[in-house]
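Note that the sequence shown covers residues -23 to -1, 1 to 958 in mature numbering (1 follows the signal peptide of the UniProt record, and there is no 0).
Heads up: the structure comes next, in C-alpha cells.
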Amino acid sequence: MKVQHNPWIFLLSVAFLVQLCLALYEDQAGKFDWRHQYIGRAVHATFDQSGVQGKRLLLSTEQNVVAAVNARNGQLGWRHILEEGDSGRIDDMIVVNNFVLVLCSGGGLVRAFHSISGSLQWEAPVPASPAQKRGDLALHGGDDQLLVLSGDSITVLNSDTGVEVWTKVLSNTGTTDYVYTASHGNDIIVAGISPGSHVSKVIYTKKGEVKLQESFPAAWLASQEQCQFSKGHLICLSQDGSIVYHARLDSNAASFIASSISQYGLQRCQQLEVFSADTELYEGMPIFSVRCDTKSFNLFIIKANTKLELLKTLKEVDSAEIIQFEDITVLVTISREDGDKATMAGIDLETGKEMTELSVKVHFPQHHGAPNQLRGVLFKHKDGLIGMRILVISEDHSLVLYQQSGKVLWLREEALASIMSVEMVDLPVSQIMAKMEDEFGNQNNDLLSMFVRRFTTQFQQVQAFILQLRQRLKAVRHHHHHHQVEEAEVEQDEEEEEEDEEEYLTRDDFNLHKMIVAVTSCGKIFGLDSQNGHVVWRLYNPLLVPFTKQGRSVLPLYVHRTTAHFPHQPQCSILGLHKTTRKGLLFTFHPISGVAEENMPASGFELNHGILQATLLTQMDSEFLRPLVVLSTDLKYFVYPREDTDLVKELAPSLYMFSSNDAAGILQGYNTVPTDQGLVADVMWRLDLKREGHAITQVVPKRLDERVNSQGIVLGDRSVMYKYLNPNLVVVIAEGDDGQGKNSFNVYLVDGVSGRLVFHCNHKKSSGPINVVHSENWVVYNFWNQKHRRVELAILEMYEGKEQSNTTDFSSLHPPPPPVIMRQAYTFPGHISAMAATITEIGITSKHILIAMQNGGILELAKAFLDPRRPENPTAESREEGLLPYIPELPRPFEATINYNHSVYNIRGIHTVASGLESTCLVLAYGLDLFYDRVMPSRMFDVLKDDFDYFFIGSVVVGMILVSLLTQKLAARKALNRAWK
C-alpha cells in the first residue's frame, strides 16, 4: 500500500520543532565582562607521566576540585567540581596509567577520571567516612587493583573498571581508627591507631583472607597526626619531639623501635614528613625528614636492619622533594632569602654532592609566604642533558612553576578562590586634573603664576588627548587584526597593556574603571583591575586570620577614605584575628598602590583584646577620614586612628552598637558612655530570640552607601503609600528544629538601636541555605520548602501608610507606628547560592535582584516580579500602577543570564557598586570563580550607545547649518530686490 505524504503536514511539524534562540552578539561577549576560573588550595599534586613527561599537572584541592593544568602555560585543561561540603571531600588521590583516582570518602565514592580528557571513566561506591576521619588509597598487584580504606572497611577494586573484588569490615573499630593501607608483595596491610593505647594491624591475602591480626602497645601516642605511613613502616614522632618511633608492619610480632634524635645532634624536632619516591638506591626503604626548627632539614632512612641513618642535614631549607629519574635520585630543595629571591638546589643522594646544573637562583616574592610543597619532574633534553621543572605550592595558596633556568613559566593565584570580602575603590584622577584641583585650592598665588599654570595645564591636556586618541586607534587596529597576530606577539601586547594599565590607573569619565580590593581567607590581599581582572598589586599577612561568625569565616574590609579627597591619599583597613594570640589585628594599606601604611608594624596593629563588634562611622574627621570603632569583649572601645578619639567622644550620645550570641539566640544592644578611662559600652537592651533547637545563622543590616530616591510609591488612586525607611533595621535569621524533628526557621526584623522587634514570622518544614537581600523598605530571602520540595523566594515590604510620621530624619528612639507588612512567596526554578541587589549613584534606576544559581548562571531578575501586591485579578488601578498579574512561578529567561555561557560555580557572594552613570551598576560575583560585568536595570538612558552613528548625525547637523545660512542669504537678497521694486 502506497502512503502519500502531505508536504504541509511536514512543514507544520518542522515549525513546531523550531524554538526561539536568544543569543549575544559576538562583538559584545567579553567587552565589559570577564571571568577567571580557579581550583583552590592544592592538597595533592603530581605530574602526569602517561604521555609526554611533565606536560600536565594533576591536582586535587580543598575546594573539592579535581583538575588538570597545562604545565606550559598554567591554563586549565579540564576541571571537575565535586559536591560541596563533606560529601565531596577528597581524602586521597593517586594517578595510575591514564587514570586519576580520587577517594571522596565523605560521600562514599571512588571516581576515576581520564588524565588527558578529564572524562569520568567509572565510579564505585564505598562506605562513607565521618568528617573527622580520612580515607586512604593504595595500589596492589602491579597497579591492577586499588585498595580503598574508607569508613570501617577495606575494599579492593579493579583499577581499570572499578568493579569490586572484595570488601571486608574491620573489627575493633570502636576504639581504633584505621587510617593507613598499603600493599606488600601479595599481602595487604591495614593499620589503625588507638590514641594513648596501642596500634592495630591486619594483614590480608590477595583473596581477602585474614593472614595476621595483632596489636602492639603505644601508650605514648596521643594522636594520629604524630605518625606517617611509608613502605610498610609506621613512623611516629613523640610529643616532645625527642624520639622517633618506627615499626615494620609487614613482619610478625611488630613493635615500635625507639631512636633518640639526640644521638644525631638534634633536639626537639616537631615536623615529620615522609617521601613517597621509589628509590632503587636504598632498595625501597622508607625515607623521611624531621625539622627541629622552621629552617632545618634532616633526612633519615630506615635501613634493612631497622636502624636509622641520617643521610643529610641541611640548613635554611623551606621545602624539599625527592625525585627519581632513571638511575638518578635527586633531593630538590628551596630556600627563601632576603628580598624576593630564593635558592633552588638539587642534590644527588648517591654521592651527596650538589648538582650544579640543577641549582639556580629564582624569583620568589615575599607575598608568596613560605613554600609548603614541592613537586618536580626530571627529563632529558635532545642533547642528553637533564632538565627539570618544579612546582612550588606556597603558603598563600599560589602555584608557581619554575623551569631549570629559574624562569617562572607561570603563576596561578589560587587564593582568589577563597575571597572573604570585596570593595571597589574609585581610581584617582589624572595628574593633570590633580594639578587643576591643586590650582583652585591654592589661594596664595598671584595672577601671573596662575595664568602660567593654567596655560601649562591646558597644553598638557591637549597632549594627553592626542595620546589617548592614538591609543584608541591602536586598540581598534589590534581588535580587527586580533586573529591574524601570532601568539608571541599577543603575549607581548598583553605585557605592554599591563604596563600601560599600571601607569594610567586613573578615573575615567563615567567612573566605570575601578580598583577591586579583595581579601582572601589566607590573609592575602589583592588589587584587581576592574577592566580585565589582572592583578595590579598583592599583599600578604600570614598572621591575619578570619573571624568565625554564624558558622562562617569573616574578614571585614573597611574603606576609611576614598580618592575623592585629593591631596589626601585613600586608605583601607582589614580587621581580623592574630594567628597565634587570637586577639584583634588591624592591617591598614593604600588601596590603589597596595602599600602598607608607613607607621604600621609589618604584621599590623595588635589590639590586645578580643573583638565583639566593629563599625565604620559615617562622619569624617578634619582629614576626611572615617574612624573605625571597635568594641572589645570587655566592653571597651578602640578607635582607629587614635587621633579621632575626641571626635568619637563628641558623637558618643548618638553611637549605638549591638552584638549577637549565635548559639544562645540573644541580641544585645549598647550605648556609649565617655569616662575618664576612655569610652565604654553600657548594655541598653537585651532581646532573647532563643527557641528550642534554634540558633542565629545570619544578621543582615542595610548597606550604608545605599541611597533612596523615592520616599513612597504612587498608588492607582493617585494617593501615596510611604515607605518604612528605618536605617537601623536588621534582619535576623534563626534556623533549627521545631521540636518535632522537622526543620524550621524564623525571620526577625529588629531595630538595632532600640532593640524593638518590628516583625517576626516562622517558616515550618523549611530549611536553608538561606540568602538574604535587605534594601530600602524590603527584604528578599530564599529557602527550601521541604513539604513541596522546591526553592521559594519570599519578600517582605514595609510601609508607614498614607501618612508619614517624620518627613526629615528617622529616629529609632522615637519611632513611627508599627509598619504595614506586605509579604508574598514565589517558587523559583533552580537552586540559589547567593543573592544581591543592584545599586546606583542616586537610586533613580529600578532595582533588580542578582541571583547566582548552582548551575553556574547569574540571573538578573527585576524586583517587580517579586512585588507582594501583584493582583490575582488585575484591576484598572493595578494596571495604572504597572503591577504584573500574580503568577506563583518566577520566570528564568535565558536572555537575563548576565554571564551567558560563562558558567561560574560555588559563588559565595555578589558585590555591587554604583558607577558614575545612574543607569549602570558594577557587579562582581566571587566564589571558586570570579565574574565581573556591568548591568543596566533600566537600560542605558543617560549615555549614547556604542553603535551611535556620529558621522550621520554630524553630517545632518552640518547640512542643516549650511542650508540655514544659504536660505538666510537668499531671503536677504529677495528682500533687497523687493525694496528696489
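Cβ atoms here follow ideal geometry from the backbone N, Cα and C, with glycine treated the same way.
Computed from a prediction, not measured in an experiment: that's the story for all the values here.
Query                                                                                                                                                                         : Result
Can the beta-carbon of leucine 147 be found less than 9 Å from the beta-carbon of serine 130?                                                                                 : yes
What is the residue span of the beta strand (DSSP E) that threonine 592 lies within?                                                                                          : 588 to 593
For asparagine 883, I'd like the list of residues in its chain whose CB is within less than 6 Å of its CB, leaving aside the five on either flank, ordered along the chain.   : Gly904, Leu905
For aspartate 786, collect the residues of the same chain with a Cβ closer than 8 Å to its Cβ; drop the 5 residues on either side in sequence, then sort them by chain order. : none
Report the option in Val881, Cys246, Val933 whose CA atom is closest to the CA atom of isoleucine 58.                                                                         : Val881
Assuming the contact rule is C-beta atoms closer than 8 Å, residue 963 and aspartate 373 should be a hit. Round their C-beta distance to whole Å, please.                     : No statement about residue 963 is possible, as the shown extent of the chain runs from -23 to 958 and does not include it.
Which residues mark the beginning and the end of the alpha helix (DSSP H) in which asparagine 954 is found?                                                                   : 927 to 957
Since I believe serine 731 is in contact with tryptophan 662 (beta carbons under 8 Å), could you give me their beta-carbon distance rounded to a whole number of angstroms?   : 7 Å
Hey, methionine 830 and isoleucine 887 are a contact pair by Cβ (cut 8 Å); roughly how many whole angstroms apart?                                                            : Methionine 830 to isoleucine 887, Cβ: 12 Å. No contact.
Quick one: Cα of glycine 364 to Cα of glycine 54, how far?                                                                                                                    : 23 Å
Helix, strand or coil for leucine 376? Go by DSSP, reduced to three states.                                                                                                   : strand
Which residues in the same chain have their Cβ closer than 8 Å to the Cβ of arginine 950, if we skip the five residues on either side of it in sequence?                      : none
DSSP three-state call for phenylalanine 432: helix, strand or coil?                                                                                                           : helix
Taking all protein chains shown into account, decide if proline 862 is buried (16 or more other Cβ within 10 angstroms of its Cβ) or exposed.                                 : exposed
Can you find the residues in the same chain that come closer than 7 Å, C-beta to C-beta, to histidine 879, ignoring five residues on each side of it along the sequence?      : Arg12, Phe908
Strictly by DSSP, which residues pair up with histidine 879?                                                                                                                  : Paired residue(s): none; histidine 879 is not in a bridge.
Buried or exposed: threonine 652, going by 16 or more other Cβ atoms within 10 Å of its Cβ?                                                                                   : exposed
Going by DSSP in three states, cysteine 699 sits in which element: helix, strand or coil?                                                                                     : Before going further, note that residue 699 is tyrosine rather than cysteine in the sequence given. DSSP places tyrosine 699 in strand when its eight states are reduced to three.
Are the beta-carbon atoms belonging to methionine 775 and valine 797 less than 9 Å from one another?                                                                          : yes
Residues in the same chain with beta-carbon distance under 7 Å from glutamate 669, minus the five sequence neighbours each way, listed in chain order, please.                : Gly716
So is leucine 943 buried or exposed if we call it buried at 16+ other beta carbons inside 10 Å?                                                                               : exposed
Can you tell me where the alpha helix (DSSP H) holding threonine 622 begins and where it ends?                                                                                : 622 to 627
Could you tell me how far apart the beta carbons of arginine 88 and glutamate 100 are, in whole angstroms, since I believe they sit closer than 8 Å?                          : 5 Å
Please report how far the alpha carbon of serine 312 lies from the alpha carbon of valine 251, in whole angstroms.                                                            : 19 Å
Histidine 458 by DSSP, collapsed to three states: which one?                                                                                                                  : Here histidine 458 scores only 41 on pLDDT, less than 50, and its place in the model is too uncertain to base an answer on.
How many whole angstroms separate the CB atoms of tyrosine 699 and glycine 778, which I take to be in contact at a CB cut-off of 8 Å?                                         : 7 Å
Report the option in Ile690, Ala195, Tyr647, Asn518 whose CA atom is closest to the CA atom of serine 823.                                                                    : Ile690
Is it buried or exposed for isoleucine 864, if we count other Cβ within 10 angstroms and need 16 for buried?                                                                  : exposed
Looking at the strands, I want to know which residues DSSP matches up with glutamate 334.                                                                                     : Glutamate 334 pairs with nothing; no bridge assigned.
Can you look up glutamate 464 in the DSSP assignment and give me helix, strand or coil?                                                                                       : Per-residue confidence for glutamate 464 stands at a pLDDT of 36, beneath the threshold of 50, marking its modelled position as unreliable; no derived number is given.
Buried or exposed: where does serine 932 fall if 16 or more other Cβ atoms within 10 Å of its Cβ makes it buried?                                                             : exposed
Pick out whichever of Leu773, Arg869, Gln203, His21 has its Cα sitting closest to the Cα of proline 845.                                                                      : Leu773
How far does the alpha helix (DSSP H) with alanine 394 in it reach, from first residue to last?                                                                               : Counting along the chain, alanine 394 falls outside any alpha helix (DSSP H), and DSSP gives it neither H nor E.
Keeping to the same chain, check which residues put their C-beta closer than 8 Å to that of arginine 515; ignore five residues upstream and five downstream.                  : Pro342, His344, Glu390, Lys501, Ile502, Phe503, Gly504, Gly571
Taking just the CA atoms, how far does tyrosine 535 sit from serine 550?                                                                                                      : 5 Å
When DSSP labels each residue in this structure, what does proline 342 get in the three-state scheme?                                                                         : coil
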